[in-house]
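Protein chains: 2
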Amino acid sequence: MRISRIAHPEGMAFVALEGGEADGTGATCREIAGHPFGEPEFTGRTWSFDEVRLLAPILPSKVVAVGRNYADHVKEVFNKSAEHLPPTLFLKPPTAVVGPGAPIRKPEWATRVEFEGELAIVIGKPCKDVKRDDWKSVVLGFTIVNDVSSRDLQFADGQWSRAKGLDSFCPLGPWIETDPDFADLTDLPIKAHLTHDGETETKQDSNSNQMIKSIPEIVEWVSQAFTLLPGDVICTGSPAGTAEMVPGDTIDVEIPGLGHLVNPVEAY
Amino acid sequence: MRISRIAHPEGMAFVALEGGEADGTGATCREIAGHPFGEPEFTGRTWSFDEVRLLAPILPSKVVAVGRNYADHVKEVFNKSAEHLPPTLFLKPPTAVVGPGAPIRKPEWATRVEFEGELAIVIGKPCKDVKRDDWKSVVLGFTIVNDVSSRDLQFADGQWSRAKGLDSFCPLGPWIETDPDFADLTDLPIKAHLTHDGETETKQDSNSNQMIKSIPEIVEWVSQAFTLLPGDVICTGSPAGTAEMVPGDTIDVEIPGLGHLVNPVEAY
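Residue numbers (the working numbering), protein chains in the order written: chain C, 408 to 675; chain U, 408 to 675.
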């Protein structure tokens with residue numbers, strides 16, 4: 408099932424998207440009563456996809472991100488091997504989250520702002536100390552995240568919270584796919600297409616098979632550190648190919664089966 | 408006014424503490440209707456301080472912390488000068504927050520766990536890009552925070568989110584003092600008393616006059632990076648004197664005018 412959060416003519420709602428094309432066109436949006444965790448109940452209200460606007464599919468209480476989870480990205484950013492710089496965890500604040508289509512707003516003082524297209528896990532149940540084999544039992548589903556990062560701030564601050572945590576630096580969406588078997592998660596293409604001056608170039612073109620820590624290992628590791636709450640998001644790390652974005656650009660992160668997360672870049 | 412959040416015989420509530428001793432003994436707890444932001448309304452219900460239990464005075468949507476804001480602490484932890492390692496920002500997750508008296512739970516794999524007693528700012532209004540001279544207009548009040556940190560994890564991970572973000576690693580309290588003039592904030596003693604094997608020693612004995620970035624500068628800096636929401640907490644940095652705690656110890660952070668934040672340490 409595809410779950411999204413929408414702005415509709417009368418307000419906002421969680422909905423299930425039914426039917427329609429891969430990009431949602433023509434789908435029916437069936438309103439979910441209350442929250443989307445557990446077995447959803449439906450109110451009976453529906454909208455057509457074309458009359459609604461997609462919002463970030465969830466508002467997480469925290470966003471935990473795995474840094475340095477792809478060896479080729481470690482090399483391109485830090486110029487070191489992944490043995491010297493193993494995966495690490497960091498946090499992005501909830502105020503960084505925006506939805507599909509919302510602008511990534513770049514302050515002038517945040518320079519070298521790059522996209523990082525990633526697979527994101529959405530937690531479905533309160534949990535702690537989840538064993539890797541049980542990871543599916545605590546997951547609501549999957550979506551796409553763009554772990555937007557000002558490289559200059561990242562290196563200047565040492566800690567990454569500001570560089571990766573500015574308002575709008577966590578685009579999320581377009582929706583949550585709740586079927587953990589929507590694809591082979593160990594062999595999932597991850598792409599990012601950057602449009603600059605009207606020309607589109609595919610910058611990231613990698614695969615989840617390059618992850619250093621696997622998805623079951625990540626859920627075990629993160630839940631060992633932090634109690635996870637329904638709606639919390641885990642960003643599984645960015646593959647190589649990240650590049651600078653400037654105001655006027657558009658960035659499109661694509662994961663087959665999850666769709667496209669597209670955001671314009673604006674000056675703030 | 409002192410605002411706290413309490414567990415009372417029938418449930419939980421925000422209350423104003425009126426009268427009583429400096430440590431709250433004998434105070435009357437007047438229930439606040441709804442939330443404590445803006446001019447509070449009272450329900451008329453009251454409890455005596457002795458029949459309630461203090462909880463973390465607020466549940467923040469995010470905890471932003473200033474690292475390396477006291478030169479002597481930079482020296483003791485990093486063995487470098489503050490010119491080489493200027494103040495930086497990091498995030499602690501909401502799930503790390505516990506109240507006064509609640510145990511700090513130390514997992515076996517989190518080694519060299521130290522206390523860091525700090526002054527905390529609680530935000531009262533949604534805000535962004537606050538000018539330093541306007542800082543008071545967005546602040547609900549002040550409390551004490553213990554920025555508990557596993558030094559070994561901190562250095563191993565590079566990013567501090569795990570070392571400083573484990574469940575229970577953000578004791579907060581005992582209450583929020585809403586009068587910004589409760590003391591001279593530029594000359595505020597900050598102490599931490601560690602009880603180990605029945606002996607109590609004062610380990611931190613410093614003063615906010617040692618801060619590198621002042622409170623107005625911190626509010627400006629943090630709100631430049633992140634939209635702040637009511638209840639968000641800013642930890643203003645730890646002075647020198649931090650030391651290891653082990654299960655069985657009790658740590659008491661004291662700031663005159665704000666009281667004592669006391670937490671036992673337990674094995675998890």
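Glycine included, C-beta positions come from ideal geometry on N, C-alpha and C.
Pairing CB atoms from the segment 572–581 of chain U with CB atoms from the segment 614–624 of chain U, are three or more of them under 8 Å?
The segment 572–581 of chain U makes no contact with the segment 614–624 of chain U; the number of CB pairs closer than 8 Å stays below 3.
Pairing CB atoms from the segment 560–572 of chain U with CB atoms from the segment 489–499 of chain U, are three or more of them under 8 Å?
As far as the Cβ criterion goes, the segment 560–572 of chain U touches the segment 489–499 of chain U, which means the pair count is three or higher.
Within chain U, the residues that residue 539(C) reaches when beta carbons sit closer than 9 Å
Correct list: empty, because the minimum Cβ distance to chain U is about 16 Å.
Ordered along the chain, which non-local residues of its own chain (more than five positions away) have a Cβ less than 7 Å from that of residue 531(C)?
Non-local beta-carbon contacts of residue 531(C) in its own chain, meaning distances under 7 Å to residues more than five positions away in sequence, involve 444, 545, 546, 547, 637 in chain order.
Assign residue 674(U) to buried or exposed, taking buried as 16 or more other Cβ atoms, counted over all protein chains shown, within 10 Å of its Cβ.
Its Cβ having fewer than 16 others within 10 Å, residue 674(U) is exposed.
What are the start and end residues of the beta strand (DSSP E) that includes residue 603(C)?
596–603 is the extent of the beta strand (DSSP E) around residue 603(C).
Kindly indicate if chain A contains any beta-carbon less than 8 Å away from that of residue 569(C).
You won't find chain A in this structure, because its protein chains are C and U.
Indicate whether residue 659(U) and residue 590(U) have their beta-carbon atoms separated by less than 8 Å.
Not a contact, by the Cβ cut-off of 8 Å.
Check whether the Cβ of residue 420(U) lies closer than 7 Å to any heavy atom of the ligand COA, and answer yes or no.
Among the ligands in the structure shown, none appear at all, so the ligand COA cannot be discussed.
I need the boundaries of the alpha helix (DSSP H) containing residue 630(U), first residue and last residue.
Here the alpha helix (DSSP H) through residue 630(U) covers 622–632.
Locate the beta strand (DSSP E) running through residue 611(C), then write down its first and last residues.
It spans 606–614 - the beta strand (DSSP E) in which residue 611(C) sits, taken as one unbroken run.
Which listed residue (540(U), 528(U), 573(U), 550(U)) has its alpha carbon closest to that of residue 536(C):
When only C-alpha atoms are compared, the closest one is 573(U).
Would you identify the three-state DSSP class for residue 464(U), choosing helix, strand or coil?
Of the three classes helix, strand and coil, the one that applies to residue 464(U) here is coil, per DSSP.
How far does the beta strand (DSSP E) with residue 483(U) in it reach, from first residue to last?
Residue 483(U) -> not in any beta strand (DSSP E); alpha helix (DSSP H) instead, spanning 478–485.
I want to know whether the segment 411–424 of chain C touches the segment 447–466 of chain C - three or more CB-CB distances under 8 Å.
Flag = yes, the segment 411–424 of chain C and the segment 447–466 of chain C touch.
Closer than 8 Å is the cut-off here; do at least three beta carbon pairs connect the segment 596–611 of chain C with the segment 430–441 of chain U?
Output reads no: the segment 430–441 of chain U does not touch the segment 596–611 of chain C.
Within the same chain, show all residues whose beta-carbon is closer than 6 Å to that of residue 534(U), passing over the 5 residues directly before and after it, in chain order.
So the list reads 545, 630, 635, once near-sequence residues are dropped.
What span of residues does the beta strand (DSSP E) with residue 452(C) cover, start to end?
Per DSSP, residue 452(C) belongs to the beta strand (DSSP E) from 449–455.
Rounded distance between the beta-carbons of residue 504(C) and residue 478(C), thought under 8 Å:
Beta-carbon to beta-carbon, residue 478(C) and residue 504(C) are separated by about 28 Å, too far to satisfy the 8 Å threshold.
Contacting positions in the segment 534–566 of chain C - beta carbon closer than 8 Å to chain U
Those residues of the segment 534–566 of chain C placed with their C-beta closer than 8 Å to a C-beta in chain U are 535, 564, 565, 566, ordered along the chain.
Environment of residue 653(C) [buried if 16+ CB atoms lie within 10 Å]
With fewer than 16 other Cβ atoms within 10 Å, it is exposed.
Does the CB of residue 469(C) have a neighbour CB from chain U at under 8 Å?
Chain U places a beta carbon closer than 8 Å to that of residue 469(C), counting this residue as a contact.
Which word fits residue 593(U), buried or exposed, when buried means at least 16 other C-beta atoms lie within 10 angstroms of its C-beta?
Residue 593(U) is exposed by the Cβ-count criterion.
Nearest by alpha-carbon distance to residue 668(U): which of 461(U), 493(U), 415(U) is it?
Nearest neighbour of residue 668(U) by Cα position, chosen from 461(U), 493(U), 415(U), turns out to be 461(U).
If you compare alpha carbons, which of 556(C), 525(C), 672(C) is closest to residue 601(C)?
For the residues 556(C), 525(C), 672(C), the minimum Cα distance to residue 601(C) belongs to 672(C).
How far does the beta strand (DSSP E) with residue 527(C) in it reach, from first residue to last?
Segment 524–530, the beta strand (DSSP E) holding residue 527(C).
Looking at chain U, is there any beta carbon in it that lies within less than 8 Å of the beta carbon of residue 578(C)?
So, not an interface residue.
DSSP three-state assignment for residue 422(U), whether helix, strand or coil:
Here residue 422(U) sits in strand by DSSP.
In chain C, what lies closer than 7 Å to residue 500(U) by C-beta?
Annotation: Cβ neighbours of residue 500(U) in chain C (cutoff 7 Å, chain order): 469, 498, 633.
Assign residue 480(C) to one of two classes, buried (16 or more other C-beta atoms within 10 Å of its C-beta) or exposed (fewer than that).
Residue 480(C) is buried by the Cβ-count criterion.
Can you tell me where the alpha helix (DSSP H) holding residue 558(C) begins and where it ends?
558–564 is the span of the alpha helix (DSSP H), which, as asked, contains residue 558(C).
Look at residue 410(C) and residue 640(C) and say whether their C-beta atoms are less than 8 Å apart.
No. Outside cutoff.
If we define contact as Cβ-Cβ less than 8 Å, is residue 495(C) a contact residue for chain U?
Interface residue, yes.
How would you label residue 562(U), buried or exposed, when you count the other beta carbons within 10 angstroms and need 16 or more for buried?
Burial is judged here by how many other beta carbons sit within 10 angstroms of a residue's own beta carbon; residue 562(U) has fewer than 16 and is exposed.
Nearest CA to the CA of residue 553(U): which residue from 521(U), 529(U), 596(U)?
The closest CA to that of residue 553(U), considering only 521(U), 529(U), 596(U), is found on 521(U).
In this structure, does DSSP put residue 567(U) in helix, strand or coil?
Correct three-state label for residue 567(U): coil.
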